[in-house]
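Heads up: the structure comes next, in C-alpha cells.
Residue numbers (the working numbering): 1101 to 1493.
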C-alpha cells in the first residue's frame, strides 16, 4: 500500500538536531573520538535532590491515577513561590499557572488556541523551530524577524510591516536567547509590551534559559516583571536542573491566555506524572545545584571561547544560555567551518548557523555563525580546546 503523508508534514524539512545526531553516529561508527557540541542536551546528571524526590514520589503516588491536566496544587504553589523569590512576581496559582509536559509541547501547541487559518505569528530568526512549526500546524503564517548583531540580537519591531501587525496574533520572544546567548534589557521588555498592546498581539516569552546566566550582577528579567496583560511565559526545568528527560515545565501570565491554554491542553495531551511533579518541586526548592551548574557552564564557556580567541577568532562569549553563537573565520561560510571542525584531527561537532535560521528576503541571519552547545564534560571541553589551539590555524 502506498501511504501519502499530509501536505502539512510533507513541506517540513528535517529537524536539524536530528540530522546532527545522525552525523555524530556515523563518525563514531568510523572509530573517530567525536566531541559533540551539536545538540543542547545537558550531559550532567540530574541532581540527587531531584532524583531522590522522584523515587519517593513513585512510591507515595503508587495509587494516584491520572494526574491533573493543569498540575497539582503543590506544584503550582512551588512555581508561584519560586517566581516570587526569583522575580518578585505574585502569581495566582488557580488562574495564572498551568503545568506543561515540558516546554516544547507547550510552545508547539500554543498557536492552536489563538491562530485561525491565514493569521500571522511573528517569530525570531534564528529561533527555536517549534515557534514556526507549531504555527504551520495551526494553519497560520509565519513572519520572521531577523536577530542581528548590529541590533544586539533583539528583534527590530519597527521593521515589521503594518499589514503583518494587523494580522498577527502572537509574537514570540526568547531571552536569554537560543542560539545567540543575548540577554534582553528592561527597555526592550517595555518596548515589546507596548508593541503588543498597540497591535493587540499576544507576547509569548520563552524563558527556558532564565537561570543559565553568567553574571550575578545582571540576572535576566522575566517579562512578567513589567506586565501581565496580554503576556504569557513558557518555563522549563530542562536546562535549569538537567531535567530534559523529565518533560516538565509550565506556562504563566495573563489569566485569560492561561485559561485558553488549559482548554487546549485538556483536548491535546495529559498531565505531567505526579511523581515527576514531586521531583520538580524539589528542584525548584533547591538553588545550590543551579549555582554549581552555572559555574560549570562558565568554565566550559571560557575554555572554548579562550581557545577560539587564541587562534584569532572573535570573542563571542555569551551572556547566558548553554550556547555560543561563534562567528566563523574570514573565508568560511557556516557549513564550511562546521565541516572544518569535523576534520578527524579536531573532531568537534557544531551546528551551522544557517541550519537553525530561515532564509528570508534579507538572506539567512545564521550565515557566518556556528552554534556550540556547551554540554560535553569539562574533560571533553579541555580536549576540544587543545584540538582547536593545535589544529585550527
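We treat Cβ as the ideally placed atom computed from N, Cα and C, and that holds for glycine.
Discussion item. Could you check whether residue 1451 and residue 1281 sit closer than 8 Å to each other, using their CB atoms as the reference points?
Written reply: Contact flag unset, no.
Worksheet item: Under three-state DSSP, which class holds residue 1271?
Response: Of the three classes helix, strand and coil, the one that applies to residue 1271 here is strand, per DSSP.
Worksheet item: For residue 1152, which of helix, strand or coil comes out of DSSP?
Response: Residue 1152: helix per DSSP, three-state reduction.
Worksheet item: Whose C-alpha, out of 1299, 1306, 1221, 1391, is nearest the C-alpha of residue 1342?
Response: Nearest option by C-alpha distance: 1391.
Worksheet item: To the nearest angstrom, how far is it from the Cα of residue 1380 to the Cα of residue 1102?
Response: Each residue's Cα considered, the two are about 45 Å apart.
Fill in: Assigned exposure category for residue 1194 - 16 Cβ within 10 Å defines buried
With fewer than 16 neighbouring CB atoms inside 10 Å of its own CB, residue 1194 falls in the exposed class.
Worksheet item: Is it buried or exposed for residue 1171, if we count other Cβ within 10 angstroms and need 16 for buried?
Response: Within 10 angstroms of the beta-carbon of residue 1171 lie 16 or more other beta-carbons, which makes it buried.
Worksheet item: Closest to residue 1412 by CA distance: which of 1248, 1455, 1165, 1491 is it?
Response: Residue 1491 holds the alpha-carbon nearest to the alpha-carbon of residue 1412 among 1248, 1455, 1165, 1491.
Worksheet item: Tell me which same chain residues have a C-beta within less than 6 Å of the C-beta of residue 1383, skipping the five on either side of it?
Response: Excluding positions up to five away in sequence, the list reads 1150, 1337, 1341.
Fill in: Start-to-end residues for the alpha helix (DSSP H) that takes in residue 1103
Element bounds for residue 1103: n/a, residue is neither H nor E.
Worksheet entry | Element boundaries [beta strand (DSSP E), containing residue 1225] | 1220 to 1225 is the span of the beta strand (DSSP E), which, as asked, contains residue 1225.
Fill in: Cβ-based neighbour list, residue 1405, same chain, cut-off 8 Å, excluding 5 preceding and 5 following
Once the five neighbours on either side are set aside, the close Cβ partners of residue 1405 are 1415, 1416, 1417, 1424.
Worksheet item: Roughly how many angstroms lie between the CA atoms of residue 1240 and residue 1263, to the nearest whole one?
Response: Their backbone Cα atoms lie some 15 Å apart in a straight line.
Item to complete: Report back the beta-carbon spacing between residue 1358 and residue 1196 to the nearest angstrom; my notes put them in contact at under 8 Å.
Response: Cβ-Cβ separation between residue 1358 and residue 1196: approximately 6 Å, consistent with a contact (criterion under 8 Å).
Discussion item. Distance check for residue 1176 and residue 1294, CA to CA, integer angstroms please.
Written reply: Residue 1294 and residue 1176 have their C-alpha atoms spaced approximately 29 Å apart.
Practice prompt. For residue 1338, decide whether its Cβ has a neighbour in chain D, counting only Cβ atoms nearer than 8 Å.
Written response: In summary, chain D is missing from the structure at hand, where a single protein chain is found.
Worksheet item: Are there 16 or more other CB atoms within 10 angstroms of the CB of residue 1143, so buried, or fewer, so exposed?
Response: Looking at its Cβ environment, which holds fewer than 16 other Cβ atoms inside 10 Å, residue 1143 is exposed.
Fill in: Residue from 1111, 1376, 1242 with nearest C-alpha to residue 1164
The shortest C-alpha to C-alpha distance from residue 1164 to any of 1111, 1376, 1242 is the one to 1376.
Practice prompt. Determine which residues share a DSSP beta bridge with residue 1385 and list them.
Written response: Paired residue(s): none; residue 1385 is not in a bridge.
Worksheet item: residue 1257 to residue 1447, Cα distance in whole Å?
Response: If you take the alpha carbons of residue 1257 and residue 1447, they lie about 40 Å apart.
Worksheet item: Under three-state DSSP, which class holds residue 1146?
Response: Note: residue 1146 maps to coil in three-state DSSP.
Item to complete: Rank 1493, 1485, 1481, 1458 by C-alpha distance to the C-alpha of residue 1232 and give the top, closest one.
Response: When the alpha-carbon of residue 1232 is set against those of 1493, 1485, 1481, 1458, the nearest one is in 1458.
Practice prompt. May I ask which residues mark the beginning and end of the alpha helix (DSSP H) holding residue 1239?
Written response: Segment: none, residue 1239 is in no alpha helix (DSSP H) and carries neither H nor E.
Discussion item. Using a 10 Å radius around the Cβ and a threshold of 16 neighbouring Cβ atoms, would you call residue 1125 buried or exposed?
Written reply: Result: exposed.
Worksheet entry | Residue from 1350, 1468, 1470 with nearest C-alpha to residue 1178 | The option with the nearest alpha carbon to residue 1178 is 1350.
Discussion item. Relative to the C-alpha of residue 1189, which candidate in 1158, 1352, 1141, 1270 has its C-alpha closest?
Written reply: Checked all of 1158, 1352, 1141, 1270; the closest Cα to residue 1189 is 1352.
Item to complete: Alpha carbon to alpha carbon, how far is residue 1130 from residue 1084? Give it in angstroms, no decimals.
Response: This structure cannot speak to residue 1084, because the chain is shown only from 1101 to 1493.
Worksheet entry | Three-state class that DSSP yields for residue 1366 in the structure shown | In the three-state scheme derived from DSSP, where H, G and I count as helix and E and B as strand, residue 1366 is classed as helix.
Discussion item. Tell me the residue span of the beta strand (DSSP E) that contains residue 1332.
Written reply: Residues 1331 to 1336.
Worksheet item: DSSP on residue 1472, reduced to helix/strand/coil?
Response: Three-state result, residue 1472: strand.
Discussion item. Are the CB atoms of residue 1173 and residue 1183 within a distance shorter than 8 Å?
Written reply: The Cβ-Cβ distance between residue 1183 and residue 1173 does not fall below 8 Å.
Practice prompt. Please state if the CB of residue 1476 and the CB of residue 1485 are separated by a distance shorter than 8 Å.
Written response: In this structure, residue 1476 does not lie closer than 8 Å to residue 1485 by Cβ.
Worksheet entry | Cα-Cα separation, residue 1133 to residue 1269 | Inter-residue distance for residue 1133 and residue 1269 is about 47 Å (C-alpha atoms, whole angstroms).
Item to complete: Indicate the three-state DSSP secondary structure (helix, strand or coil) for residue 1378 in the structure shown.
Response: If DSSP states are grouped into helix, strand and coil, residue 1378 belongs with the helices.
Practice prompt. For the beta strand (DSSP E) holding residue 1306, just list the boundary residues, first then last.
Written response: Residue 1306 -> beta strand (DSSP E) spans 1302 to 1306.
Fill in: Own chain partners of residue 1234 with C-beta closer than 7 Å, once the 5 adjacent residues on each side are dropped
Within the same chain, and ignoring the five residues on either side of residue 1234 in sequence, the residues whose Cβ sits closer than 7 Å to its Cβ are 1207, 1208, 1209, 1210, 1211.
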